[in-house]
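*Asks:* Remember, my numbering sits 37 above the position in the sequence shown when you count from 1.
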Amino acid sequence: MVATPYEFRDLRPTLYRSRPWKRRSMPRVCRVVIHRNTISPDPYEVARFYRGEGWPGHPYHLHLPKVGPVYLCNDLESLTYGVAGYNATSIHVLCEGDFRVERPSKEQFSRAAALTVDLLAWLQFQFGRGLGIVSADSLKETWWRGRRGRPACVQSHSETTLWGPKKWMSKKRCPGKRWDMNEFRNVVVRMMRGDTFDLPVLPTGRPWWEE
Ligand SMILES: [Zn+2]
38 MVATPYEFRD LRPTLYRSRP WKRRSMPRVC RVVIHRNTIS PDPYEVARFY
88 RGEGWPGHPY HLHLPKVGPV YLCNDLESLT YGVAGYNATS IHVLCEGDFR
138 VERPSKEQFS RAAALTVDLL AWLQFQFGRG LGIVSADSLK ETWWRGRRGR
188 PACVQSHSET TLWGPKKWMS KKRCPGKRWD MNEFRNVVVR MMRGDTFDLP
238 VLPTGRPWWE E
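Here is the structure:
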């Protein structure tokens, strides 16, 4: 098996928004947040659904269907609505599937991990964030909203709210326990080390969302 970097596509020019998202300061961003998607595999349908709720449009930065490319739906500077209270500090990644009841495929899991590696590398090199993705303690340190110098990490939506004033929200079970976050972080760390011999997808190694 020869692994290749994941494919991506920029949907920003064609995804309709009823009004622009507010902007945010990227140096505050310190986490990649994984979500489940039970609305539609089609990003245009997801955008339509949320416009129907009165939101500007697709409220996640990146959208991963089960099969296919990673879709860029919003500038990463957009203050979209992924987790109340944590949007100024989170890059939101929507993964197709209901992981309360189904397991992700190895391909989708690896694709999300490869994207996460690219995003964390960007936060590190562009904005000087350290990496703190390995332990639960490092997750605990990030609840307090991206204070300067805190390490960047990858979390599930539920994990973002395990500590701090919004604890009650961690009951959301997003993306769900069948998306094993500890296993996911293991794959991210392995990719960072180049230990990828049995993985089907690789990071691109560049901030393609800026191109
Ligand atoms: Zn979520």
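For glycine and all other residues, C-beta sits at the position ideal for the given N, C-alpha and C.
(1) Quick check: what's the CA-CA separation for Gly-91 versus Tyr-53?
(2) Output needed for Asp-155: all residues of its chain with C-beta closer than 6 angstroms, excluding positions within five of it in sequence on either side, in chain order.
(3) Are the beta-carbon atoms of Leu-101 and Arg-49 separated by less than 8 angstroms?
(4) Could you check if His-194 belongs to the surroundings of ligand 3, using beta carbon to heavy atom distance under 7 angstroms?
(5) Can you find the residues in the same chain that come closer than 6 angstroms, C-beta to C-beta, to Pro-137, ignoring five residues on each side of it along the sequence?
(6) Threshold first: 4 residues or longer. Then list the alpha helix (DSSP H) segments lying entirely within the stretch 68-138, N to C.
(7) Should the stretch 157-164 be regarded as contacting the stretch 65-74, the criterion being three or more beta carbon pairs within less than 8 angstroms?
(8) If we count the other Cβ atoms within 10 Å of its Cβ and call it buried at 16 or more, is Pro-188 buried or exposed?
(9) For Lys-209, is the beta carbon positioned less than 7 angstroms from some heavy atom of ligand 1?
(10) When we look at the beta-carbon of Asn-219 and count the other beta-carbons within 10 Å, is it buried (16 or more) or exposed?
(11) Please list, in chain order, all residues of the same chain as Pro-64 whose beta carbon is under 6 angstroms from its beta carbon, the five residues on each side excluded.
(12) Flag His-72 as yes when its Cβ comes closer than 7 angstroms to any non-hydrogen atom of ligand 1, and as no otherwise.
(13) With distance defined between alpha-carbon atoms, name the residue in Glu-133, Ala-121 and Thr-117 nearest to Gly-195.
(14) For the beta strand (DSSP E) containing Asp-47, list its first residue and its last residue.
(15) Applying the criterion that 16 or more other CB atoms from any shown protein chain within 10 Å of the CB defines a buried residue, is Glu-44 buried or exposed?
*Replies:* Taking the structure as given:
(1) Numbered from its first residue, the sequence shown carries residue 91 at position 54. Numbered from its first residue, the sequence shown carries residue 53 at position 16. The alpha-carbon atoms of Gly-91 and Tyr-53 are separated by roughly 13 angstroms.
(2) Position 118 of the sequence shown, counted from the start, is the residue given in the question as residue 155. Here the set comprises Pro-240 and Thr-241.
(3) For the purposes of this step, residue 101 is identified with residue 64 of the sequence shown, where counting begins at 1. For the purposes of this step, residue 49 is identified with residue 12 of the sequence shown, where counting begins at 1. Leu-101 is not a Cβ neighbour of Arg-49, given a cutoff of 8 angstroms.
(4) Looking for ligand 3 in the displayed structure turns up nothing; the ligands present are ligand 1.
(5) As a working note, residue 137 is residue 100 in the sequence shown. The question names Pro, but residue 137 in the sequence shown is Arg. So the qualifying residues of the chain are Arg-210 and Gly-213.
(6) DSSP runs (the alpha helix (DSSP H)) wholly in the stretch 68-138: 80-89.
(7) Taking 8 angstroms as the limit for Cβ pairs, the verdict is that the stretch 65-74 does touch the stretch 157-164.
(8) The residue labelled residue 188 in the question sits at position 151 within the sequence shown. With 16 or more other Cβ atoms within 10 Å, it is buried.
(9) Against the sequence shown, residue 209 aligns to sequence position 172. Yes.
(10) By one-based count along the sequence shown, residue 219 stands at place 182. Exposed.
(11) Residue 64 sits at position 27 when you count from the first residue of the sequence shown. Excluding sequence neighbours, Pro-64 sits near Phe-164.
(12) Stepping through the sequence shown from its first residue, residue 72 is reached at position 35. Yes; taking the cut-off as 7 angstroms, the Cβ of His-72 has a heavy atom of ligand 1 nearer than that.
(13) Counting from one through the sequence shown, the residue named residue 195 turns up at place 158. It should be pointed out that residue 195 corresponds to Ser in this sequence rather than to Gly. Relative to Ser-195, the option among Glu-133, Ala-121 and Thr-117 whose CA is nearest is Ala-121.
(14) Residue numbering aside, residue 47 sits at position 10 when the sequence shown is read from its first letter. It spans 45-47 - the beta strand (DSSP E) in which Asp-47 sits, taken as one unbroken run.
(15) By 1-based counting over the sequence shown, the position of residue 44 is 7. Classified as exposed, Glu-44 has fewer than 16 neighbouring CB atoms from the shown chains inside 10 Å of its CB.
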